[in-house]
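J.: Numbering-wise (the working numbering), the sequence shown opens with residue 3 and increments by one. Where a beta carbon is used, it is the ideal one built from N, C-alpha and C, also for glycine. Just so it is clear, the structure is predicted and the values come from calculations on it, not from any experiment. Quick one: the structure is below, questions incoming.
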Amino acid sequence: MTPPPLLLVDGHNLLYRSWYGFPTRILSRDKSEDRTGVFGFVALLRKAQRLHAAGHELFVVFDAENGADARVAQDSDYKANRAVETDAGLIGSLKDIKTALDHAEVRWIEHDGCEADDVIATLATLARRELRPVDVMSADKDFLQLLDDPHVRVLNTMLAEHRRYSAGPDVLARYGVSAAQWPDYRALTGDPSDHIAGVRGIGPKTAVRLLVGGRTLEQIPTEEIRPAWAGQWDQAARWREMIRLDRKVDLPDELLTATVTDPLLPAPAVLEVLGLW
3 MTPPPLLLVD GHNLLYRSWY GFPTRILSRD KSEDRTGVFG FVALLRKAQR LHAAGHELFV
63 VFDAENGADA RVAQDSDYKA NRAVETDAGL IGSLKDIKTA LDHAEVRWIE HDGCEADDVI
123 ATLATLARRE LRPVDVMSAD KDFLQLLDDP HVRVLNTMLA EHRRYSAGPD VLARYGVSAA
183 QWPDYRALTG DPSDHIAGVR GIGPKTAVRL LVGGRTLEQI PTEEIRPAWA GQWDQAARWR
243 EMIRLDRKVD LPDELLTATV TDPLLPAPAV LEVLGLW
């Protein structure tokens, strides 16, 4: 029997969208607890399953608390722009979300020392060895580099014009570089969300010109590198390695079941069953 397609969900990405994306707060019946995070998470995941991933196995991946440590060790500025979370309700929602996933029999992992990006990249690689199509649900553009495999797609439901899956050629059409070049491109242009500055003076158009023909940083001719950029080139190479996803994380065996996930219940029903609403 052919195993089903796999939908890998970037858990924290979906949590932040759930917490901040609803116009009004969703409270418990006695109004004492904010349930927006868990309600929104279940509702958005159910909608994605219904519209885009019927017949898929669902698997959710969360960042470990110490997940960014390895990259911070390479560059102390990595994610330094992200404010310390003062809203206890957001992170506090994680426990209830995991309970809801367990109730729905949706498997999940928070792997010590790892960011979700690398775990998702590894699971996608493992699934592709079994010839399973893989979809990644996230708004994080770093996942575009996984589209070097035509059977891996990215689902970003945050943008109306890109609600459905993107494919490898879409990266080239939209950004002017291939999926495999994404780490080089991002190292040159920067990634504000991760506080990676990029090379001063290089914007998207210049980066595309430098990376023309599938070049990597090392293949850009010296005469095309302006003196003002040269002093930042070693740093750009380090940024590229930080941006590049690790597809070989040492994970527990048999995380994936290769079975279709049953349709999720509506969020109100899930919260009511769990006594959260």
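Taking the alpha-carbon of residue 112 as reference, which of 174, 66 and 142 has the nearest alpha-carbon?
T.: Residue 112 sits at position 110 when you count from the first residue of the sequence shown. Comparing Cα positions, the closest option is 66.
J.: Is the stretch 212-219 touching the stretch 179-186 in the sense that three or more CB pairs, one from each, lie closer than 8 Å?
T.: The stretch 179-186 vs the stretch 212-219: in contact.
J.: Starting from residue 21 and walking both ways along the alpha helix (DSSP H), at which residues does that stretch end?
T.: Residue 21 sits at position 19 when you count from the first residue of the sequence shown. Element bounds for residue 21: 13-23.
J.: With a cut-off of 8 Å on the beta carbons, I'd call residue 191 and residue 200 a contact; round off their distance for me.
T.: In the sequence shown, counting from the first residue as 1, residue 191 sits at position 189. In the sequence shown, counting from the first residue as 1, residue 200 sits at position 198. Confirmed, Cβ separation roughly 5 Å.
J.: Just how far apart, CA to CA, sit residue 160 and residue 141?
T.: For the purposes of this step, residue 160 is taken as residue 158 along the sequence shown, with counting starting at 1. For the purposes of this step, residue 141 is taken as residue 139 along the sequence shown, with counting starting at 1. The straight-line gap from Cα to Cα measures roughly 7 Å.
J.: Within the stretch 152-204, note down every full alpha helix (DSSP H) run reaching 4 residues or more, in order along the chain.
T.: Whole alpha helix (DSSP H) segments, 4+ residues: 170-177 and 184-191.
J.: Please identify the residue among 138, 23, 120 and 156 whose C-alpha is closest to the C-alpha of residue 73.
T.: Start at 1 with the first residue of the sequence shown, and residue 73 comes out as number 71. The option with the nearest alpha carbon to residue 73 is 120.
J.: Drop a sphere of 10 angstroms on the beta-carbon of residue 147, count the other beta-carbons inside from all chains shown, and report buried for 16 or more, exposed for fewer.
T.: Counting from 1 along the sequence shown, the entry for residue 147 is found at position 145. Flag for residue 147 reads buried.
J.: Leaving aside the five residues before and after residue 269 along the sequence, list all residues of the same chain whose C-beta is less than 6 Å from its C-beta, in chain order.
T.: Here residue 269 refers to the residue found at position 267 when the sequence shown is read from its first residue. If we look at residue 269 and ignore the five residues flanking it on each side, its Cβ neighbours are 41, 44 and 45.
J.: Could you check if residue 216 is buried or exposed, using at least 16 other CB atoms within 10 Å of its CB as the buried criterion?
T.: For this step, residue 216 is matched to residue 214 along the sequence shown. Residue 216 comes out exposed.
J.: Going by the beta-carbon positions, is the gap between residue 136 and residue 8 smaller than 8 Å?
T.: Locating residue 136 in the sequence shown gives position 134, where the first residue counts as 1. Locating residue 8 in the sequence shown gives position 6, where the first residue counts as 1. Contact flag set, yes.
J.: How far does the alpha helix (DSSP H) with residue 130 in it reach, from first residue to last?
T.: Locating residue 130 in the sequence shown gives position 128, where the first residue counts as 1. Counting along the chain, the alpha helix (DSSP H) containing residue 130 begins and ends at 118-131.
J.: Specify the secondary structure class of residue 86 as computed by DSSP and reduced to three states.
T.: As a first step, residue 86 is located in the sequence shown; it is residue number 84 there, counting from the start. Since pLDDT at residue 86 reaches only 48, below the 50 mark, its modelled position is unreliable, and the value read off the structure follows with that caveat. The answer is coil: DSSP assigns residue 86 none of H, G, I, E or B.
J.: Taking the CB atoms as reference points, tell me whether residue 54 and residue 276 lie closer together than 8 Å.
T.: Walking along the sequence shown from the start, residue 54 turns up at place 52. Walking along the sequence shown from the start, residue 276 turns up at place 274. Not a contact, by the Cβ cut-off of 8 Å.
J.: Between the alpha carbons of residue 98 and residue 256, how many angstroms are there, rounded?
T.: Numbered from its first residue, the sequence shown carries residue 98 at position 96. Numbered from its first residue, the sequence shown carries residue 256 at position 254. In a straight line, the C-alpha of residue 98 is about 25 Å away from that of residue 256.
J.: Run through DSSP, which three-state label would residue 103 get?
T.: For the purposes of this step, residue 103 is taken as the residue at position 101 of the sequence shown. Residue state, collapsed to three classes: helix.
J.: Report the partner residues of residue 61 according to the DSSP bridge assignment.
T.: To locate residue 61, count along the sequence shown from 1; it is residue 59. Residue 61 pairs with 10 and 109.
J.: Can you round the beta-carbon distance between residue 1 and residue 262 to whole angstroms, since I take them to be within the 8 Å contact cut?
T.: Outside the modelled stretch of the chain, which goes from 3 to 279, sits residue 1, for which no answer is possible.
J.: So, is residue 16 buried or exposed, given that buried needs 16 or more other C-beta atoms within 10 angstroms?
T.: Reading the sequence shown from its first residue, position 14 is the one you call residue 16. Residue 16 should be labelled buried.
J.: For residue 203, collect the residues of the same chain with a Cβ closer than 6 Å to its Cβ; drop the 5 residues on either side in sequence, then sort them by chain order.
T.: As a working mapping, residue 203 is identified with position 201 in the sequence shown. If we look at residue 203 and ignore the five residues flanking it on each side, its Cβ neighbours are 230.
J.: Mind checking residue 155: buried by the 16 CB within 10 Å criterion, or exposed?
T.: Looking up residue 155 in the sequence shown gives position 153. With 16 or more Cβ atoms within 10 Å of its Cβ, residue 155 is classed as buried.
J.: Per DSSP, residue 36 forms a beta bridge with which residues?
T.: One-based indexing of the sequence shown puts residue 36 at position 34. DSSP output for residue 36 lists 29 as bridge partner(s).
J.: When the Cα atoms are used, what is the spatial distance from residue 13 to residue 225?
T.: Numbered from 1 along the sequence shown, position 11 holds the residue referred to as residue 13. Numbered from 1 along the sequence shown, position 223 holds the residue referred to as residue 225. Taking the straight line from one Cα to the other gives about 44 Å.
J.: Any heavy atom of the ligand NAP inside 7 Å of the beta-carbon of residue 107?
T.: Summarising the ligand content, the structure contains no ligands, and the ligand NAP is consequently not present.
J.: Excluding five sequence neighbours on each side, which residues of the same chain lie with their C-beta closer than 7 Å to the C-beta of residue 102?
T.: Counting from 1 along the sequence shown, the entry for residue 102 is found at position 100. So the qualifying residues of the chain are 40, 44, 272 and 276.
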